[in-house]
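Start counting at 1 in the sequence shown, then tack on 1292, and there's your number in the working numbering.
For glycine and all other residues, C-beta sits at the position ideal for the given N, C-alpha and C.
Remember, it's a predicted structure, so these values are computed and weren't measured experimentally.
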Amino acid sequence: MRILIAGAGDVGTHLAKMLSREQHDIILMDPDESRLAFTRLGMEILPFEGNPTSLTTLQEAGIDKIDLFVSVTPEETANITACMLAAKMGAGKTLARINNYEYLLPKNQEFFRSIGIDSMIYPEMLAAKEIVSAVKLPWTRQSWELLGGSLLLVGVKVHDNAEIVNKQLIELANNEQKFYHIVAVKRGNDTIIPRGTDYIQSGDIVFFTCLKEHANEVRKQTGKDDSEVKNIMIMGGGRIAIRASQYLPNNVRIKIIETSREKSIRISERAPENVLVINGDARDTGLLLQEGIQDTQAFIALTENSETNILSCIAASRLGVFKTIAQVENMDYIPMAERLDIGSVVNKKLIAASHIYKMLLDVDVTNVKCLAFANADVAELTARPGSKVTRKKVKDLRLPKDITLGGLIRDGEPMLIEGETQVTANDNVVAFCLDTAMNKLEDYFS
1293 MRILIAGAGD VGTHLAKMLS REQHDIILMD PDESRLAFTR LGMEILPFEG
1343 NPTSLTTLQE AGIDKIDLFV SVTPEETANI TACMLAAKMG AGKTLARINN
1393 YEYLLPKNQE FFRSIGIDSM IYPEMLAAKE IVSAVKLPWT RQSWELLGGS
1443 LLLVGVKVHD NAEIVNKQLI ELANNEQKFY HIVAVKRGND TIIPRGTDYI
1493 QSGDIVFFTC LKEHANEVRK QTGKDDSEVK NIMIMGGGRI AIRASQYLPN
1543 NVRIKIIETS REKSIRISER APENVLVING DARDTGLLLQ EGIQDTQAFI
1593 ALTENSETNI LSCIAASRLG VFKTIAQVEN MDYIPMAERL DIGSVVNKKL
1643 IAASHIYKML LDVDVTNVKC LAFANADVAE LTARPGSKVT RKKVKDLRLP
1693 KDITLGGLIR DGEPMLIEGE TQVTANDNVV AFCLDTAMNK LEDYFS
């Protein structure tokens, strides 16, 4: 596929690198030539200096031969304008990065499609929703509602006190009641799709799919406490902090600590009644103690500096906070955050990548999730009539070693997938795969 990405910022650069590794033809456009310098380091990315809202620039970039045009510059209006122009000039599909929630409302989707914008992404809003999910299940490293909330994916770091440690998966699968399906294990720097003979080891991050009503059973078997989050501190008052405070339940008390006085005033005018905005520096341990960090169950660090966020979460944990969440935009720091036991990580690049994947697959896919703590992706797909995945029982499909199926919904009923399961046409299926295997799903579901 030929893809043009406009905007060589953090998100655009990450997308270009990721997609070029998957054998797509990538053009990366930016008006600032210095931002494109990295493409000369032996990468299969074609740099193109220019403004994506210029007709001449788009024409010179061969816009009529582009299958997917992605505009992720910092300016929302530029992204919308660029996508409109690209669509009129012959681009196959378009995607715009936005920061206005109103544009995503169902009643407005047809309008934007009519002017040439096929899809829109608001990374800050999606990041806020990830934070809310992490707070709801504070004992997890990562959690995600699948298939409309009928199934859950949870990633949990297990220690010696967990019932499942030092047990083979086949032993766990032979329990009388099947509460969950283990779809992946992150061990050190490696993520594996486990088989029945594999053991769970202390220190593993284990990814489970389960029915929503069985989440508590997963918590028990992984040795986690049933702690509830009632008080939250948020470091940094950006868009993600504001959105998260709006999405969190009204009975949760939230303190947002922001260094800028002017910004603090603006946030306080927009924040819900259960939010207290404090003008100060959350790196100051004295301030945290003064504001009751010892009675806080969750600390969320959302500054633009990954190092500051990681270190602040470590400090909060040492002060007794049960759940820590850090915005880590530097991809190289995510493994470090995992090793330092940061509870959850939010990364806008991975959020954007998830959305792009959904547009690239030639299958009926409704959702894709790139996991922060594992080099893996989760996809929700519909099995087409006659597709390969419907022809045999799962155990006889000979799925690649880097793919497993975790659960499905059939006629509104959720169920876990086992070896004897037979996927049928129009089933909504959850597939878990390592990050190099996403395109293999097309062979089974198309």
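Query: Residues near T1577 in its chain [Cβ-Cβ closer than 7 Å; skip 5 each side]; Result: A1607
Query: Alpha-carbon spacing of V1362 relative to V1657, whole angstroms; Result: 19 Å
Query: Check whether L1429 and L1438 have beta carbons under 8 Å apart; Result: no
Query: Nearest candidate by alpha-carbon position, reference V1424, set E1734, T1616, V1620; Result: T1616
Query: Environment of D1482 [buried if 16+ CB atoms lie within 10 Å]; Result: exposed
Query: At least three beta-carbon pairs within less than 8 Å, the region 1611–1625 to the region 1644–1654; Result: no
Query: Best match in E1416, F1471, A1536 for proximity to H1506 [C-alpha to C-alpha]; Result: F1471
Query: C-alpha distance - G1612 paired with Q1434, whole-angstrom precision; Result: 21 Å
Query: Sequence-distant residues of its chain with Cβ nearer than 6 Å to N1343 (five each side left out); Result: P1323, T1349
Query: Minimum C-alpha distance to R1631 - residue among A1533, M1651, L1603; Result: L1603
Query: Assigned exposure category for S1494 - 16 Cβ within 10 Å defines buried; Result: exposed
Query: F1499 classed as buried or exposed, judged by whether at least 16 other C-beta atoms fall within 10 angstroms; Result: buried
Query: Cβ neighbours of L1418 in the same chain (closer than 7 Å, five flanking residues each side left out); Result: I1643
Query: F1614 vs S1537 beta-carbon contact at 8 Å; Result: no
Query: DSSP-derived helix/strand/coil call for S1346; Result: coil
Query: Which residues DSSP lists as bridging T1501, in chain order; Result: L1445, H1473
Query: F1724 vs V1475 beta-carbon contact at 8 Å; Result: yes
Query: Distance CB(D1496)-CB(V1510) smaller than 8 Å; Result: no
Query: Bridge partner(s) assigned by DSSP for W1436; Result: L1445
Query: As assigned by DSSP and simplified to three states, the class of S1679; Result: coil
Query: The region 1580–1591 touching the region 1553–1566, judged by at least three CB pairs closer than 8 Å; Result: no
Query: Reference L1580, options S1411, E1565, I1549, I1355, closest by Cα; Result: I1549
Query: Cβ neighbours of A1308 in the same chain (closer than 6 Å, five flanking residues each side left out); Result: I1297, I1318, L1320, I1337
Query: Contact check, R1545 vs N1571, beta carbons under 8 Å; Result: no
Query: Q1513 burial status per 10 Å Cβ neighbour count (16 or more: buried); Result: buried
Query: N-terminal and C-terminal residue of the alpha helix (DSSP H) that I1626 is part of; Result: 1626–1631
Query: Span of the alpha helix (DSSP H), counted from its first residue to its last, around N1400; Result: 1398–1406
Query: Residue ranges of each beta strand (DSSP E) within the region 1560–1629, 3 or longer; Result: 1567–1571, 1590–1593, 1615–1619
Query: Buried versus exposed call for Y1649 [16 or more other C-beta atoms within 10 Å across all chains shown]; Result: buried
Query: F1361 - containing beta strand (DSSP E), residue span; Result: 1360–1363
Query: Pairwise C-alpha distance: F1404 and S1411; Result: 8 Å
Query: N- and C-terminal bounds of the beta strand (DSSP E) containing K1385; Result: 1385–1389
Query: Own chain residues within Cβ distance below 7 Å of T1489, not counting five before or after; Result: Q1460, I1462
Query: Option nearest A1300 by Cα separation, candidates T1551, R1327, E1314, V1715; Result: R1327
Query: CB of N1523 within 8 Å of CB of Q1589, strictly; Result: yes
Query: Separation of T1365 from T1595, as counted between CA atoms; Result: 20 Å
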